[in-house]
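Numbering (this note's numbering), first residue to last: 18 to 511.
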């Protein structure tokens, strides 16, 4: 992974200037009197790519900040565990800072015959479209960046998933082309340093993710498509798609929002009891060696997570208070910790789930699976432990626990999802899993609605974000056609 302090500092300037240049239609702007027109025409592919990558990481962080509360990874003092959210920051990052710039990047890559840049463009379009559609369902895409189109229609989620697969297939084709001399990504590729083989793996990883999302549309067919894709995806943690921070000028956003916010007396998230109880021997008998790496408890004898919907409380604690927090040393809130967007561990859990479903004719409540499913389940655990720095002896001890090392004949979807829930801490994919399996507490151990549940939801889980007010004012007619109640399930799992 390549990280350049100078490059990322320049990224901010490029992003702020170019975003407004690229938004001359859907998001406003005067094409004929644009003082930045020359800058737009002259900017190169190597200058476009870094801010796109950074903004995608920020978009995922913004979504995770809310969806991780819904998924009961974290709680927050101003509790929105079952309140609607607009995800304004994510909408801005995806549309203003990323898809707009990708539209121009696609045009420039086509003009210059830069096949590898074009392939990267299509991977990033697919990644951002998946983030957006899983947050809001129907979204602007096919008309979003057309000339003189100020009120684009919204494409259905079904269409978006089809377009995502098309983009990824096209990306793979472009990435397999021989690079041109002056249009090969290098240091500007702050994720892979120009290693095109890893971009191809990422395209397949996203195809696997998109396929497994559609288990409710046909479990076996979705599983088989996921298995085909995952066989060409990541093979080690070194393949992970992550945005790195240097911990100096560039700080991990969880460091600022979780650790520094708490240090300065501002509202800050803490780890939820759903997560902590899965790791401290409460929900399951084994103690997880990742717990002290993920959460701090101030040196107390036990870990007590914060109750969802009742921040800071834990009725099992001696003083009824939670004691977990993010610090400068907990893995995900370190100043230089990466934002993990797509990982090898996730691919192994997708493989485990998919092979499980194929073996059991799509029955997620079955017991027992193929050796492939079981090996992928164990490898997913091992990969995540290695990623966050668990000692090899500790992960071996955990993997030898009889309640973990159950054998292929005793593997269940609950065990797969238990481990995926932990390995994808602070990743919105967990909430996609919740929704796909209808928040089933037989799959997600002891999952229940948060305390002080929103009475307007009548006992139902929240399913989606609402569209930002800025979008409603800009494109009210089209938004009105697709806006749904927050408890209404989305197409992909309904």
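Note that CB positions come from ideal geometry on N, CA and C, so glycine has one too.
Check: residue i C-beta below 7 Å from any heavy atom of the ligand NAP
{"i": "residue 277", "result": "Only the bare structure without any ligand can be found here, which leaves the ligand NAP out of the picture."}
Helix, strand or coil at residue i [DSSP, three-state]
{"i": "residue 303", "result": "coil"}
{"i": "residue 436", "result": "helix"}
{"i": "residue 408", "result": "coil"}
{"i": "residue 499", "result": "helix"}
{"i": "residue 112", "result": "helix"}
{"i": "residue 180", "result": "helix"}
{"i": "residue 274", "result": "helix"}
{"i": "residue 156", "result": "strand"}
{"i": "residue 336", "result": "coil"}
{"i": "residue 92", "result": "strand"}
{"i": "residue 209", "result": "coil"}
{"i": "residue 287", "result": "strand"}
{"i": "residue 548", "result": "Beyond the ends of the chain as shown, which are 18 and 511, falls residue 548; an answer cannot be given."}
{"i": "residue 117", "result": "helix"}
{"i": "residue 378", "result": "coil"}
Residues near residue i in its chain [Cβ-Cβ closer than 7 Å; skip 5 each side]
{"i": "residue 77", "result": "148, 356, 358 and 445"}
{"i": "residue 227", "result": "147, 178, 181 and 182"}
{"i": "residue 510", "result": "233, 452 and 453"}
{"i": "residue 79", "result": "104, 106, 107 and 110"}
Cut-off 6 Å between Cβ atoms - residues of its own chain near residue i, not counting five sequence neighbours on either side
{"i": "residue 401", "result": "362 and 440"}
{"i": "residue 45", "result": "With a pLDDT of only 45 at residue 45, under 50, the local geometry of the prediction cannot be trusted, and the value read off the model is given with reservation. There are no such residues."}
{"i": "residue 84", "result": "445 and 448"}
{"i": "residue 194", "result": "132"}
{"i": "residue 370", "result": "433"}
When the options are compared against residue i, the one with the closest alpha-carbon
{"i": "residue 347", "options": "329, 336, 167 and 315", "result": "315"}
{"i": "residue 258", "options": "454, 215 and 232", "result": "215"}
{"i": "residue 95", "options": "325, 479 and 453", "result": "325"}
{"i": "residue 303", "options": "88, 421, 394 and 354", "result": "421"}
{"i": "residue 133", "options": "199, 182 and 169", "result": "199"}
{"i": "residue 244", "options": "234, 255 and 225", "result": "225"}
{"i": "residue 313", "options": "298, 192, 372 and 343", "result": "343"}
{"i": "residue 108", "options": "276, 485 and 206", "result": "485"}
{"i": "residue 254", "options": "398, 137 and 281", "result": "398"}
{"i": "residue 434", "options": "481, 458, 471 and 276", "result": "458"}
{"i": "residue 66", "options": "82, 102 and 117", "result": "117"}
Extent of the continuous beta strand (DSSP E) to which residue i belongs
{"i": "residue 359", "result": "356-359"}
{"i": "residue 142", "result": "Careful: residue 142 lies outside any beta strand (DSSP E), inside the alpha helix (DSSP H) at 132-153."}
{"i": "residue 260", "result": "258-260"}
Residue i - containing alpha helix (DSSP H), residue span
{"i": "residue 296", "result": "290-296"}
{"i": "residue 78", "result": "62-87"}
{"i": "residue 166", "result": "Element bounds for residue 166: n/a, residue is neither H nor E."}
{"i": "residue 451", "result": "446-453"}
{"i": "residue 263", "result": "Run containing residue 263: none; DSSP gives neither H nor E here."}
{"i": "residue 247", "result": "236-247"}
{"i": "residue 489", "result": "486-491"}
Nonlocal neighbours in the same chain, by C-beta distance under 8 Å from residue i, ignoring five residues either side
{"i": "residue 396", "result": "365"}
message = Does the contact criterion of 3 or more C-beta pairs under 8 Å hold for the segment 163-180 versus the segment 122-137?
response = The answer is no - the segment 122-137 does not touch the segment 163-180, with fewer than three Cβ pairs under 8 Å.
ask   = Are there three or more Cβ pairs, one per stretch, closer than 8 Å when the segment 260-267 is compared with the segment 399-416?
value = Three or more beta-carbon pairs separated by less than 8 Å are not found between the segment 260-267 and the segment 399-416, which leaves the two stretches without contact.
query = Any contact of the segment 323-338 with the segment 464-472, i.e. 3+ C-beta pairs under 8 Å?
reply = Between the segment 323-338 and the segment 464-472 there are three or more inter-stretch CB-CB distances shorter than 8 Å, so the stretches are counted as touching.
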